[in-house]
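Chemist: This is the structure I want to talk about, given as structure tokens.
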Amino acid sequence: MLLDSASLYFRAYYGVPDTLRSPQGEPVNAVRGLLDFIARLVQDHRPDQLVACMDADWRPQWRVDLIPSYKTHRVAEAAEDGEEEVPDTLAPQVPVIEQVLDALGIARIGSPGYEADDVIGTLTARATGPVQIVTGDRDLFQLVDDARAITVLYPVKGMGNLQVTDDALLLEKYGVRGAQYADLAALRGDASDGLPGVKGIGEKTAAQLIHEYGELADIRAAALDPASKLTPARRRNIVEAAPYLDVAPTVVRVAADIPIPAFDATLPTEPLDPMTLESLATRWNLGTSLERVLESLSA
68 MLLDSASLYF RAYYGVPDTL RSPQGEPVNA VRGLLDFIAR LVQDHRPDQL
118 VACMDADWRP QWRVDLIPSY KTHRVAEAAE DGEEEVPDTL APQVPVIEQV
168 LDALGIARIG SPGYEADDVI GTLTARATGP VQIVTGDRDL FQLVDDARAI
218 TVLYPVKGMG NLQVTDDALL LEKYGVRGAQ YADLAALRGD ASDGLPGVKG
268 IGEKTAAQLI HEYGELADIR AAALDPASKL TPARRRNIVE AAPYLDVAPT
318 VVRVAADIPI PAFDATLPTE PLDPMTLESL ATRWNLGTSL ERVLESLSA
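Residue numbering for the sequence shown follows our numbering, starting at 68 and increasing by one per position.
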């Protein structure tokens, strides 16, 4: 089981009341919400291995170099260092989350210059058995692969109501399989990631083009072929989008071969560092959220 950690703690932050606070009055809703999520996931799915995948770089320069608008709107307006705009009361909770995961012994993995998505992509590519990816980010639907038993658990409402995303569901909802989803995303674009897409091509049209012509390269070839059945407007829009389409696949597709440090993904049955964990529990008032995680791990 691979956790898209930032996606989950953002969801926890906005879904759990900020009345949950430390003895000093600091909000701990993201910390406790994420712990509750992990407890529920372990309880319901019993993974052999669990990895919390982290953003070592949430907006890698190599992606920005290819598409300068990539995640631009998420950059804090006053930030000169390109920091992500994170709510003031969430940012201080992230180091606490990291300390708690480490004390529990849950593997926490990032790679310099890459996003959590790329860590997930690489670990999925290396996996020799079934993989469950837990994320609220549709971009990772591209990793779904029924043949390899790779599914995405997509929260509909909390961790108790997860959409188990496989190829059949993607075909039903989007008209494409997991292996085709990155091409659909490149054509459609994604305002939340600053990807413009191709003018006049939305989700349904992108799926139709993929169904009719195949991969993105085949669609582009059809746009240059006078004998193809593309309408003049669609042909023109695809051809004019050539500079974007030259680079979009590299930006949209998650990396599958990034350097990953050595780690042990085995799901712990007891805390790695109980003394530190006890200290963190007292300092941050982790209460029943931590108790639930420990119960689910020991079970």
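Built from N, CA and C at the ideal position, the CB exists for glycine as well.
Just curious, the alpha helix (DSSP H) that R141 is in, first and last residue?
Modeler: Position 74 of the sequence shown, counted from the start, is the residue given in the question as residue 141. Taken as a continuous stretch (DSSP letters only), R141 belongs to no alpha helix (DSSP H), as it is neither H nor E.
Chemist: Apart from the five residues just before and just after L171, which ones in its own chain have a Cβ nearer than 6 Å to its Cβ?
Modeler: Position 104 of the sequence shown holds residue 171. Excluding positions up to five away in sequence, the list reads P338.
Chemist: Give me, in chain order, the residues of the same chain whose beta-carbon lies closer than 8 Å to that of V83; leave out the 5 immediate sequence neighbours on both sides.
Modeler: Residue numbering aside, residue 83 sits at position 16 when the sequence shown is read from its first letter. Excluding residues within five positions, the ones whose Cβ falls inside 8 Å are N96, A97, R99, G100, D103.
Chemist: Using a threshold of 7 Å, state whether the C-beta atoms of P263 and G256 are closer than that.
Modeler: Within the sequence shown, the letter at position 196 stands for residue 263. Within the sequence shown, the letter at position 189 stands for residue 256. Result yes, Cβ atoms of P263 and G256 sit closer than 7 Å.
Chemist: Which complete alpha helix (DSSP H) runs does the stretch 208-232 hold, if anything under 4 residues is left out?
Modeler: The stretch 208-232 contains no whole alpha helix (DSSP H) run of 4 or more residues.
Chemist: Check the DSSP bridge columns for I200 and list the partner residues they point to.
Modeler: Residue numbering aside, residue 200 sits at position 133 when the sequence shown is read from its first letter. DSSP lists L69, V219 as partners of I200.
Chemist: Whole alpha helix (DSSP H) runs in the stretch 298-350 with 4 or more residues, listed along the chain?
Modeler: Taking only runs of at least 4 residues, the alpha helix (DSSP H) segments lying wholly in the stretch 298-350 are 299-307, 309-319.
Chemist: On the criterion of 16 or more Cβ atoms from any shown chain inside 10 Å, does D213 qualify as buried, or is it exposed?
Modeler: As a position in the sequence shown, residue 213 is number 146, starting the count at 1. Exposed, because fewer than 16 other Cβ atoms sit within 10 Å of the Cβ of D213.
Chemist: Quick check on DSSP: helix, strand or coil for A158?
Modeler: If you number the sequence shown from 1, residue 158 lands on position 91. A158: coil per DSSP, three-state reduction.
Chemist: Report the rounded CA-to-CA distance for G180 versus P293, giving the unit in angstroms.
Modeler: As a position in the sequence shown, residue 180 is number 113, starting the count at 1. As a position in the sequence shown, residue 293 is number 226, starting the count at 1. If I take the Cα positions, the gap works out to 42 Å.
Chemist: Is DSSP giving D85 helix, strand or coil here?
Modeler: Working through the sequence shown from its first residue, we reach residue 85 at position 18. Looking at D85 - three-state DSSP - the assignment turns out to be coil, as it is neither helix nor strand.
Chemist: What did DSSP end up calling L237 once you bin it into helix, strand or coil?
Modeler: Residue mapping note: residue 237 aligns to position 170 of the sequence shown, counting from 1. L237 falls in the helix class under three-state DSSP.
Chemist: Measuring only the C-alpha atoms, how far is V231 from K266?
Modeler: Within the sequence shown, residue 231 is the residue found at index 164, counting from 1. Within the sequence shown, residue 266 is the residue found at index 199, counting from 1. Looking at the two C-alpha atoms, the distance is approximately 32 Å.
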